[in-house]
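Novice: Residue numbers (the working numbering): 45 to 146.
Below is a structure I'd like to ask you about.
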């Protein structure tokens, strides 16, 4: 099942205070980036983030975005105050994006 554009907009509204958030549609789902770092996505109308030390400390529901993918963590979008804390923690732990060759 593909994610809806309405749910994506809802998640993007929750992330409005996170700098440089962008998204990319891929096979009916949406990958989420901030400052060039892939930190999560919207899969089957669920907001999932990468599993990092900080996200595992704050979230307890594992989820697989699609068959064969690495396990991620489900974000409770009803707690919008926690959403920014979770995403900022994940972003701090992710490596800087690689520079593309010209």
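Backbone N, C-alpha and C fix where the C-beta goes; we use that ideal spot for every residue, glycine too.
Computed from a predicted structure; not experimentally measured.
Going by alpha carbons, who is nearest to residue 97 out of 126, 133, 82?
Specialist: As a first step, residue 97 must be located in the chain shown, where it is residue number 53. It is 133.
Novice: Going by DSSP, name the residue or residues bridged to residue 69.
Specialist: What you label residue 69 is simply residue 25 of the chain shown in a count that begins at 1. Answer is 74, bridged to residue 69.
Novice: Taking the beta carbon of residue 58 as the centre, do at least 16 other beta carbons fall within 10 Å, making it buried, or is it exposed?
Specialist: Counting from 1 along the chain shown, the entry for residue 58 is found at position 14. Buried, by the Cβ-count rule.
Novice: For the 8 Å Cβ check, are there 3 or more pairs between the segment 95-110 and the segment 49-69?
Specialist: No, they do not touch.
Novice: Pick out the complete alpha helix (DSSP H) segments inside the segment 82-107, 4 residues or longer, and give them in chain order.
Specialist: Runs found: 97-102.
Novice: Helix, strand or coil: which one does DSSP assign to residue 118?
Specialist: The residue given as residue 118 occupies position 74 in the chain shown. Correct three-state label for residue 118: strand.
Novice: Quick check on residue 148: does DSSP put it in helix, strand or coil?
Specialist: No information on residue 148 is available, as it lies outside the stretch 45 to 146 that the chain covers here.
Novice: For a test of the three-state rule: what should DSSP assign to residue 56, helix, strand or coil?
Specialist: By 1-based counting over the chain shown, the position of residue 56 is 12. Residue state, collapsed to three classes: helix.
Novice: Alpha helix (DSSP H) containing residue 135: first to last residue?
Specialist: Sequence index remark: in the chain shown, residue 135 carries index 91 (1-based). Residues 124-137.
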